[in-house]
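Chemist:
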Amino acid sequence: MQNVVIIGAGQGGLQAAMSLRQEGFEGAITLIGAEKGLPYQRPPLSKAYLKTGDADALSLRPASFFEKKQITLVDGTHVEAIDRAARRVMAGDRSFDYDHLILATGTRNLRPPIPGAEQALDLRTLDDALRLRNALDRPMRCAVIGGGFIGLEFAAVARALGHEVTLAEAAPRLMARAVSPETSERFLALHRDMGSDIHLGDPVCAVRADGITLKSGTEIQADLVLMAAGVVPNSELAASAGLAVDNGVVVDTRMLTEDPAISALGDCAVFPDPVTGRAVRLESVQAATDHARLIAKRLVKQVDDPYGAVPWFWSDQADCKLQIAGLAAEGDDTILRPDGAVFRFAGDRLSAVETVNDAKTHMQTRKRLAQGPVARAALEAAEFDMAQV
Ligand SMILES: Cc1cc2nc3c(=O)[nH]c(=O)nc-3n(C[C@H](O)[C@H](O)[C@H](O)COP(=O)(O)OP(=O)(O)OC[C@H]3O[C@@H](n4cnc5c(N)ncnc54)[C@H](O)[C@@H]3O)c2cc1C
């Protein structure tokens, strides 16, 4: 193998290039990204960047790194097609041959089919964040569509900067896909205490020039509307190349598609959860970077281990750092420890632990879950002390 091409120069694509070199790959690495400039971190876009505007702090590696590691970064270039028979990808009048191709195309914002949605702003790229930051340079009435991590992080920053915030969530609780009802409640109280007006179970049915309209008929006046209603995977490229796609690019336990010359990783990849075997697609820096490391090991060292990393997530909202170790499914049972940590169970097995400003329990959980399943009875006997199970 002489030639690896990576499509998508985000967190996972860059990590794949770096890990290939770390594992000792000496062939050519071409990292092609649709966005202009150096690869950067997205998490601060809805957190510190909105306050500081420091774009340099977001860069994952300086330009000199790419020269030193002989990684060819082709930025501002959108790959339009993959020719699997010729092992070549096409972008405008350019083409790039590969021995192995890694799809790291991430996601894009979901645009619900509601009238006026095109007027709403996004928060996915550095350009989006810059646009939002500029808009927040004077007092604003902000309407946020979606009570997931990104909408809530934006709401917390906007309130801290003194703007008015109204947030509308279609589901009956906040962050419903990701956390327990207990954690949803805790964050609802946090945001209401900060002065945000939160509407639950009331989907937005129109975006107007002067605000949003909810299904209930409530009209909210706003100068700025943020669309934070979730994302869709960028998997069209894979689909048109004939690869299996089902809410993302389908890969096996080794992050390999059905084509032995094409892997996929990160936000765009659907893989079998190592614990339950169910097909999952995770939107986190941890998953993207751990997938990348696994693929590099397989390509360079022929290590064929299945993917088995413990998932973990974080979200910073005001002075609360929410951390989740493990992966729960909706409907998992919950037990609230007196100090606020939430333990979630799939049957008798611990599926995840949610903590707020409690890095110790979070790290203990990650460490313990990496060793194998934790039984509910064992945790109960240890009075929910992760260090004792
Ligand atoms: C505002 C915000 C806050 C976040 N906060 C957190 C957080 O606190 N914690 C956390 O774990 N995660 C967070 N995330 C999610 C995290 O950023 C993603 O999970 C991570 O970036 C996924 O990496 P990736 O490489 O799969 O995709 P990305 O980093 O999204 O990179 C994909 C890249 O592929 C490019 N691309 C797509 N199609 C093509 C094509 N055809 N040709 C060329 N290039 C293409 C895209 O332009 C993009 O640059 C946040 C995301 C956002 C937007």
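My numbering numbers the first residue of the sequence shown as 36 and each following residue consecutively.
The beta carbon of each residue, even a glycine, is placed where N, CA and C say it ideally should be.
Keep in mind it's a predicted model, so treat the numbers as computed, not measured.
#1: For Gly-361, which residues does DSSP report across the bridge?
#2: Would you list the residues sitting across from Ile-370 in a DSSP beta bridge?
#3: With three or more C-beta pairs closer than 8 Å as the rule, is the region 147 to 165 touching the region 82 to 98?
#4: Which value, in whole angstroms, describes the spacing of the CA atoms of Trp-347 and Leu-385?
#5: Sorted by chain position, which residues of the same chain lie with C-beta nearer than 6 Å to Val-320's C-beta, five sequence neighbours on each side aside?
#6: Residue range of the beta strand (DSSP E) that Ala-90 falls in?
#7: Taking 6 Å as the cut-off, is the C-beta of Pro-309 nearer than that to any heavy atom in ligand 1?
#8: Specify, as a first and last residue, the run of the alpha helix (DSSP H) that Asp-163 falls within.
#9: Check whether the Cβ of Gly-68 sits closer than 6 Å to any heavy atom of ligand 1, and report yes or no.
#10: Please report the straight-line C-alpha distance between Ser-54 and Val-109, rounded to a whole angstrom.
#11: Taking the alpha carbon of Glu-199 as the reference point, which residue from Phe-222, Arg-227 and Val-345 has its own alpha carbon closest?
#12: Just to confirm before moving on: does the CB-CB distance between Asp-132 and Gln-37 stay below 7 Å?
#13: Report the CB separation of Ile-180 from Val-239 in whole angstroms; it is logged as a contact under 8 Å.
#14: Looking only at C-alpha atoms, which of Ile-233, Asp-232, Ser-251 and Ala-52 sits nearest to Ala-241?
#15: Roughly how many whole angstroms lie between the Cα atoms of Leu-272 and Gly-312?
#16: When the distance is taken between beta carbons, is Ser-298 closer than 7 Å to Ile-41?
#17: Looking at the secondary structure, which residues open and close the beta strand (DSSP E) in which Glu-199 lies?
Modeler: To lay it out plainly:
#1: Checking the DSSP bridge columns, you'll see Gly-361 partnered with Ala-387.
#2: The secondary-structure analysis by DSSP pairs Ile-370 across a beta bridge with Phe-378.
#3: Output reads yes: the region 147 to 165 touches the region 82 to 98.
#4: C-alpha separation (whole angstroms): 14 Å.
#5: Excluding residues within five positions, the ones whose Cβ falls inside 6 Å are Gln-46.
#6: Per DSSP, Ala-90 lies in no beta strand (DSSP E) and is assigned neither H nor E.
#7: Incorrect: Pro-309 has no Cβ contact closer than 6 Å to ligand 1.
#8: Looking at the DSSP string, the run of the alpha helix (DSSP H) that includes Asp-163 is 161 to 170.
#9: Answer for Gly-68: yes, Cβ within range of ligand 1.
#10: Distance between the alpha carbons of Ser-54 and Val-109: 18 Å.
#11: Its Cα nearest to that of Glu-199, the residue Arg-227 stands out among Phe-222, Arg-227 and Val-345.
#12: Not closer than 7 Å, so no.
#13: Contact holds; Cβ gap of about 5 Å.
#14: Of all alpha-carbon atoms in Ile-233, Asp-232, Ser-251 and Ala-52, the one lying nearest the alpha-carbon of Ala-241 is that of Ser-251.
#15: C-alpha separation (whole angstroms): 26 Å.
#16: With respect to the 7 Å criterion, Ile-41 and Ser-298 are not classified as neighbours on the basis of their beta carbons.
#17: Residues 199 to 204.
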